[in-house]
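Residue numbers (the working numbering): 527 to 585.
Where is the CB? At the ideal position from N, CA and C, for every residue including glycine.
Let me begin by presenting the structure, written as structure tokens, before commenting on it.
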């Protein structure tokens with residue numbers, strides 16, 4: 527079985543995207559977020575001993 531992460535990316539995405547985020551998709555072990563102005567961000571979840579991803583690192 528795979529570990530399930532429950533990321534809270536909304537607050538972090540708001541600081542990097544000037545428009546609303548209209549798409550988020552897994553890309554391997556990372557996430558890609560895209561905003562309405564075609565800005566893309568690649569995120570890597572940082573998962574500790576729990577299954578809740580407490581933070582993300584922008585790649």
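Counting only the same chain and skipping the five closest in sequence on each side, list residues whose C-beta sits under 6 Å from that of residue i.
| i | result |
| --- | --- |
| residue 563 | 545 |
| residue 548 | 562 |
| residue 560 | 549 and 566 |
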